[in-house]
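Here's the structure we're looking at; comments come further down.
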Ligand code: HEA
Ligand code: HEA
Ligand code: CUA
Ligand SMILES: [Cu+2]
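Protein chains in written order, with the working numbering: chain A, 1 to 94; chain B, 95 to 402; chain C, 403 to 943; chain D, 944 to 1147.
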């Protein structure tokens, strides 16, 4: 049996995760109220990324999955990032 | 083909030579090696197969050598290409307009020409504008090509070296008559060019009939010529007032080309199809051409038939 | 090993499951039967598309309209491209040979999700039929080219939506096959078969499957956006509404360049199996071939822009994409060198499969090097969208993937049907095919360099010679193709009975009877050594 | 499948899970394509995007975010419940998830119909007269939220199936992987919304 089959997330744990996510949501809403200009996109996306990270780790149980699965998920996000960057080589330097 | 008709030819052709040179060596070499192996080690001669599994040295060797060679190819491709993006500031500017399915070259001040006419030994910059879909301006002899994309300000430039005539082709698929979207480049001496440009200016001074402009901008002229040549649809020359043999609801009848018939042909083209043409080639222009514009077009058709 | 025909042996062809007759095929979740169903479907569509190719060649026998008008021609090359790319070569080898042999070669009884496998066959058929339907329904055959470039594809009055939807569904089928293979390879290898004891055809399928899973969705959403553009008037790509036609090209090629490696990687996998068997010698540089497959898949992801060099991309994009295009040629080069070295020093038996495999290398080299000419910035400006490109990809897809497919079918035919074909006829057919092929496509390189654009219904008189030679080649090619197919079909029931291992192969599929029993293995074998072990003892390296 | 030896090996949970994750990857890339389009258009029309985003109701957006986050937690908890053998609790939690999904859809419905009310939909007169950047923004808005809503619907179907299976004791302490996979799917729906929310509603 692998780690993922033995680990059961506890209710409290999940509730705390939710609290953290709600807090981050509140944070991003408040921050955009402040109008940082160009920076606000960046901040909003960072907060969103943190939230996604938390969802992946706890709700989607990745923290307790095999190394392989974690690597694959990481790889997919990296690949997507690279695609964006490569596309923007065109748009930024036009 | 390697005649050097423009300043771009040398860089491009050098890259060709490098790539094809290396390619030929490898293709012949590897093929010869394969044939040699197949003959030398054929089973019927009773060889024992030698059981080896690889060699790190060789793997490294044949990673490094091709790497070096492709970098060489890349380098030649790059330096052949780099000048294509560096337009000399004194280049003469011409706007090329691509529309389904013809080219038009705008020399400014309403001077329009269906052919690209340029003075020899002078850099020209051609700005590429599309009025509808993607096209691509290609002059093989000059080794230049760039897509004409709506909404983008693409360009190309070159310096022609010899007086002469060269083909212009459209190399981005643009629909029905993509393959007839051709034109000519005429390279002439500076004096001839000046004369030609003056003539063009005079032509520009004569007002173009409004109906003709409408016909052109709506794209009608892509399928209907005004000089009698047969394109996708019947020509406009000698059209007005002529007897047309048409098929309506499967029955052949004859009808005179008057205002009612012409309007019907614009708004409901498939109901009365001229003999010799298939239905379905033309769509209705109901929301595209207003009644008012259609009448102006008809005015021009009358003019073409010498009625006015 | 206890895998020879015993008392209870029934081949998968005769096996009786829950259903009888045709239903025992249409509802079968047996990977072998699904593989064969793909084979038959692909062959049918293939002949349709090959015939359309011939029609184009006939049209081009002389300048001006000959047997069709421009609209028809445009429709024909579109559907020719769509069928060939989306229905034949992208699913082709993975779905046919991958389904049939992947589980056997890794010592499994089936793929990981047999029902999903059958489902993706149905998706495939739905998509394929929809694609063919686009020819007949409604407003006439789509005429956009297989690349569906906007704005034209958003404006054309023809059945573009059918073709787009077809491609979308086919993409989904391809994703599901890829997903299935990845899980199969991860979870179902026989005991003792570590990653580096796995044969190379499964390795190539593994690399391919990742591209299928990770690249196809992008084209899926892109096609959906074009559909939305056509039906809902959303202006993503329409410059009149602020949209960006070049963005479409980016999105399209983000998938469609990796897609060309979906086509070629399994083909490379097949010939990698053939060279050791017919040389009776381990494959040369196993590790290098594995790594190069993965490298092609990974780097191949980032070269899509080489299809857009003349579209007005930024200078640095052109630079970057050209550079990576050259890098991605290296793993292909490594593979070629390893294949020829595998033959070196072997005991070579020049049977039809090897003949096809060797001609694969030859044609692939020509296709590959002309690919390099296209990948170089200066020369691409001249060659882009000319017949040179057409010649390049026919050499590499049909000369490469096509000939590898032929090699594969001649190699595995005895295993699939338990019968032998006629070697002599196979050799003759090969000769005709090979000659016809070169006659058909080589002239296109030359007229391409001279400036003959592609997708041209008509052409300038100076290109006549090349076009005519090419058209003659098409007839020769087709006759070779017919001869080859006839040989295979005729001997399917009438050929000599094939032994379990006619070529003395050593991968797992040769250890079981021909044709394989329903469950593949009576007893799952345990793998104790490296793959491609031909001699009892191997000298130390 | 048939009698003696069948193709269905004993259930391989790791295989199911890997398969599900691979499927999620394809979903991510499906939306990824749209995010790429968004990124490009935003970089070209940042001002119009700013103005257009202002017209969206950030409150509705936030509300829906909260709804989805909570539903994500309940579905995660339902796995815990099943694995502790608390069947009723699990059914309750899945039920709550479904209700929250419904709330999300209703909210979405009102949001969309509000826009339709002002003739703000692709191809409408109002939209065609906007600035280019705004047309693109709303085009993307409809495409992205529409596709997302479609996924919510699929997720609801999946969850309903699992609910029935839990009730019929087909999903049990040992065999809970269907639930786990549906939950993964549901989290994905949430995950995409986490990105959509700031990009569409907040970036003003
Ligand atoms: C199976 C499909 C397949 C494969 C494998 C390839 C492989 C390659 N392709 Fe091709 N390509 C297509 C299918 C394919 N292509 C299609 C369908 C199109 C047209 C699409 C359309 O517009 O309709 C196209 C178009 C196309 C273009 C765009 C042309 C244009 O429209 O302007 C380019 C440009 O870079 C290109 C490059 C390459 C390169 C560099 C490789 C390389 O991977 C090749 C590598 C191989 C070798 C290099 C040969 C073997 C190596 C040796 C013999 C060893 C020695 C090597 C060295 C010393 C380097 N291809
Ligand atoms: C797999 C890809 C494939 C194949 C096999 C072919 C086969 C043929 N092609 Fe193909 N062709 C394309 C893919 C292919 N084509 C594409 C993508 C385009 C571009 C479309 C566009 O511009 O949008 C194109 C365009 C194209 C043009 C250019 C149109 C133009 O630009 O004006 C022409 C012109 O003659 C042509 C001719 C032919 C002919 C005569 C054949 C055949 O008739 C030759 C006969 C074939 C064979 C003898 C066997 C090949 C066997 C296999 C590939 C294995 C199949 C697998 C199984 C049977 C299981 N094709
Ligand atoms: Cu204009 Cu092709
Ligand atoms: Cu490519």
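Cβ coordinates follow ideal geometry from the N, Cα and C atoms, glycine included.
Helix, strand or coil at residue i [DSSP, three-state]
i	result
residue 950(D)	Low confidence applies to residue 950(D): its pLDDT is 40, below 50, so where it sits in the model is not reliable enough to give any reading.
residue 778(C)	coil
residue 263(B)	strand
residue 147(B)	coil
residue 200(B)	strand
residue 898(C)	coil
residue 241(B)	strand
residue 1026(D)	helix
residue 548(C)	coil
residue 745(C)	helix
residue 248(B)	strand
residue 750(C)	strand
residue 788(C)	strand
residue 391(B)	helix
Proximal chain C residues relative to residue i, where beta-carbon distance stays under 9 Å
i	result
residue 1085(D)	630, 634, 636
residue 82(A)	703, 704
residue 332(B)	In chain order: nothing, as chain C lies at least about 23 Å away.
Residue i classed as buried or exposed, judged by whether at least 16 other C-beta atoms fall within 10 angstroms
i	result
residue 1107(D)	exposed
residue 560(C)	buried
residue 788(C)	buried
residue 1117(D)	exposed
residue 453(C)	exposed
residue 345(B)	exposed
residue 1052(D)	exposed
residue 1022(D)	buried
residue 570(C)	buried
Within chain A, the residues that residue i reaches when beta carbons sit closer than 9 Å
i	result
residue 1150(D)	Coverage of chain D is limited to positions 944 through 1147, which leaves residue 1150(D) absent and any answer about it impossible.
Interface partners of residue i on chain C, CB under 8 Å
i	result
residue 93(A)	716, 717, 718, 719
residue 69(A)	The premise fails here: residue 69(A) is roughly 10 Å from chain C at the closest Cβ pair, so nothing lies under 8 Å.
Element boundaries [beta strand (DSSP E), containing residue i]
i	result
residue 218(B)	218-224
residue 190(B)	186-193
residue 142(B)	Taken as a continuous stretch (DSSP letters only), residue 142(B) belongs to no beta strand (DSSP E), as it is neither H nor E.
residue 282(B)	277-282
residue 338(B)	337-342
residue 213(B)	210-213
residue 367(B)	366-368
Terminal residues of the alpha helix (DSSP H) in which residue i lies
i	result
residue 348(B)	Counting along the chain, residue 348(B) falls outside any alpha helix (DSSP H), though it belongs to the beta strand (DSSP E) covering 345-350.
residue 418(C)	Run containing residue 418(C): none; DSSP gives neither H nor E here.
residue 229(B)	Segment 229-233 is the beta strand (DSSP E) holding residue 229(B); no alpha helix (DSSP H) there.
residue 536(C)	Segment: none, residue 536(C) is in no alpha helix (DSSP H) and carries neither H nor E.
residue 1107(D)	1075-1110
residue 924(C)	Note, residue 924(C): premise wrong, no alpha helix (DSSP H); not H, not E.
residue 513(C)	From DSSP, residue 513(C) is part of no alpha helix (DSSP H); its letter is neither H nor E.
Chain D residues whose Cβ lies nearer than 7 Å to that of residue i
i	result
residue 6(A)	What residue 6(A) touches in chain D: nothing, since even the nearest Cβ is about 10 Å away.
Per-residue contacts from residue i into chain A (C-beta, under 8 Å)
i	result
residue 652(C)	87, 90
residue 722(C)	86, 89
Partner residues on chain B for residue i, Cβ-Cβ distance less than 8 Å
i	result
residue 868(C)	The contacting residues do not exist; residue 868(C) stays about 13 Å from chain B at best.
Contacts that residue i makes with chain C (C-beta to C-beta distance below 7 Å)
i	result
residue 125(B)	764
residue 977(D)	623
Closer than 9 Å at the beta carbon, the chain B residues around residue i
i	result
residue 925(C)	Chain B residues near residue 925(C): none, gap ~28 Å exceeds 9 Å.
Can you pull every residue whose C-beta falls closer than 6 Å to some heavy atom of ligand 5, listed in chain order?
Here the bound small molecules are ligand 1, ligand 2, ligand 3 and ligand 4; ligand 5 is not part of this structure.
For the stretch 107-183 of chain B, list the alpha helix (DSSP H) runs that are entirely contained and at least 4 residues long, ordered along the chain.
150-175
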